[in-house]
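Contents: one structure, followed by commentary.
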Amino acid sequence: MIDAFAESIAKQFSKKIKEALQEGVDAMKLILPKGLVQSARGLNQEQKYKHLRVQTLPVL
């Protein structure tokens, strides 16, 4: 019974991790050609977990 519960939790975390990684890959695909500030604005509209703030982005 404990093994089934642990397996269920592991599957949930695995799914969330995969979604977050895919979101990161999609973000990089936008950032590289468009630049960080413009991409951050677009990503914030679709992003599920964490929002980028243009005010706190480092100036390069």
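Each residue of the sequence shown is one higher than the one before, starting from 2 at the first, in the numbering used here. The C-beta atom is built at its ideal place from N, Cα and C for all residues, glycine as well.
Which stretch, first to last residue, makes up the alpha helix (DSSP H) that contains residue i?
i	result
glycine 25	3–35
Can residue i and residue j be called in contact, C-beta distance under 9 Å?
i	j	result
alanine 28	serine 40	yes
Once the 5 residues before and after residue i are set aside, which same chain residues still bring their CB inside 7 Å of it?
i	result
isoleucine 32	Ser40
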